[in-house]
Ligand SMILES: [Zn+2]
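In our numbering, the protein residues as written are 39 to 276.
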């Protein structure tokens, strides 16, 4: 018997009445077979819900099978507001997609716990979704350069260029479209320290532009866009 703790990112039906759940843990993605979880009276119903943080007792080597477990946080509040649900779906889809990449899973798992805590606590949750997306860029090794012009190193009058992967000065701003207030928000989230939390200030416009910036950045540097992002666009109209 082995105990694993993680956040459920995804579940799929398996055979007649079982499921396979995919947990993100400090060791990366782990899949677990749950027998009979589709039956109405299954004692495991609470242990297979997407977004739940769980501690599971499993057995088996190649395919781990659930034996018992407990819910640490059911995160049920994530499903009550459809916008919020879709944002979190978008985030978990990204984590799932890049879970095969060889990055620091323990760091990401612990960070994800902090993000989920904020998502439970605050109604102003969108910056924390963006924060997770930005910090993941660092773990994936494609972080933007945010302290000087990527081309000449100048620190004056900087704008942001997705294509160039960071800030650009007046001379080198050919591809730069994102302006100061979006960059300020981006930096405050990218460098955010949970051990020394500062209030995050922004306006609606910079939040929208940051959303577009992150989308473009993921597309350009990682060739990725989540399926949930399309659904989100229908809800928030950008
Ligand atoms: Zn320059």
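Glycine is no exception: its CB is placed at the ideal position from the N, C-alpha and C atoms.
- Look at residue 168 here: in three-state DSSP terms it is helix.
- For residue 228, the closest C-alpha among the options 77, 184, 265 and 64 is that of 184.
- Taking residue 54 as reference, the option from 48, 128 and 74 with the minimal CA-CA separation is 74.
- Burial state of residue 237 is exposed, judged by a 10 Å Cβ sphere holding fewer than 16 other Cβ atoms.
- When the Cα atoms are used, residue 39 and residue 97 turn out to be separated by approximately 5 Å.
- Here the C-alpha atom of residue 68 lies approximately 5 Å from the C-alpha atom of residue 61.
- For residue 82, there is no enclosing alpha helix (DSSP H), since its DSSP letter is neither H nor E.
- With respect to the C-alpha of residue 264, the residue from 127, 218, 179 and 114 having the closest C-alpha is 127.
- Contact between the region 239–254 and the region 215–231 is established, with three or more Cβ pairs separated by less than 8 Å.
- Remark: fewer than three beta-carbon pairs, one from each stretch, lie closer than 8 Å, so the region 195–211 and the region 155–164 are not flagged as touching.
- About 5 Å separates the beta carbon of residue 117 from that of residue 123, a gap short enough to meet the 8 Å contact definition.
- In the structure shown, residue 141 adopts coil according to DSSP, grouped into three states.
- Counted as a single uninterrupted DSSP element, the alpha helix (DSSP H) harbouring residue 256 occupies residues 242–260.
- Cβ-Cβ distances below 6 Å link residue 192 to 207 in the same chain, with the five nearest sequence neighbours on each side left out; the list follows chain order.
- Taking C-beta separations shorter than 7 Å and ignoring five residues to either side along the sequence, the partners of residue 115 in its chain run 158, following chain order.
- Shortest gap from the CB of residue 209 to any heavy atom of ligand 1: under 8 Å.
- Distances taken from the Cβ of residue 221 to the heavy atoms of ligand 1 include none shorter than 8 Å.
- In this structure, 199 is the residue among 233, 209, 199 and 234 with its C-alpha nearest to the C-alpha of residue 218.
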